Amino acid sequence: MSVDSCSLYEFRITAVSRYGESKPVYLVQYTEPQLSPQHILAQRLNANTIELSWEPPYKRTRDVKGYIVYYTENPNAHFSDWERITVRGRHVVFPDLRYDWFYMFCATACFKDGQRSPLSRALFIKTDKLEFRRKC
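To convert, count from 1 in the sequence shown and add 504; that's my numbering.
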């Protein structure tokens, strides 16, 4: 089965046996642009440190020179006001973030010919609260 990028698909899944058919499970999936960084993922390293990683674009993988990661702690901010960081590999660590705060991240691939990919999907992350342990 071939799917188009930047499209919304709905799948209906059922199990069928000699006893009948199960209730359907519905899955809705949005496909990312094939030139964008894929499967962007955040891993919490500690309460206020996040590692962001991703896979290269499906297309033009060999032409990727690096990536630009955009992030903000204000989801209402204009995109031009977001912070940005240039990354050579496929992961970056954000240390010393604010505790108990929301952040939004996305990335773009930079190609050797100077062009950039469409943005990846946005990822919303909330850092943990700062906790103090009482001594007994």
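Ideal placement from N, C-alpha and C gives every residue a C-beta, glycine not left out.
Note that the coordinates shown come from a computational prediction; the quantities given were computed from them, not determined experimentally.
In this model, D600 and S521 are separated by some 54 Å (Cα to Cα). Apart from sequence neighbours up to five positions away, the residues of its chain that approach V529 with a beta-carbon distance below 7 Å are I517, ordered along the chain. Residue ranges of uninterrupted beta strand (DSSP E) with 3 or more members, entirely inside the region 573-598 and ordered along the chain, are 587-591 and 595-598. Comparing alpha-carbon positions, the option among P579, T612 and K630 lying closest to Y562 turns out to be T612. Nearest Cα to W605 within the set R625, F615, G593 and K630: K630. Shown here, R548 sits in a strand according to DSSP, grouped into three states. For the pair W558 and H582, the Cα-to-Cα distance works out to about 24 Å. Shown here, R566 sits in a helix according to DSSP, grouped into three states.
In the three-state DSSP reduction, S521 falls in the strand class (E or B). At least 7 Å separates the beta-carbon of C610 from that of G570.
Here Y607 is near E577, since their CB atoms are less than 7 Å apart.
Residue environment analysis places V597 among the exposed positions, since fewer than 16 neighbouring C-beta atoms fall within 10 angstroms of its C-beta. Rounded to the nearest whole angstrom, the C-alpha separation of T565 and Y574 is 20 Å.
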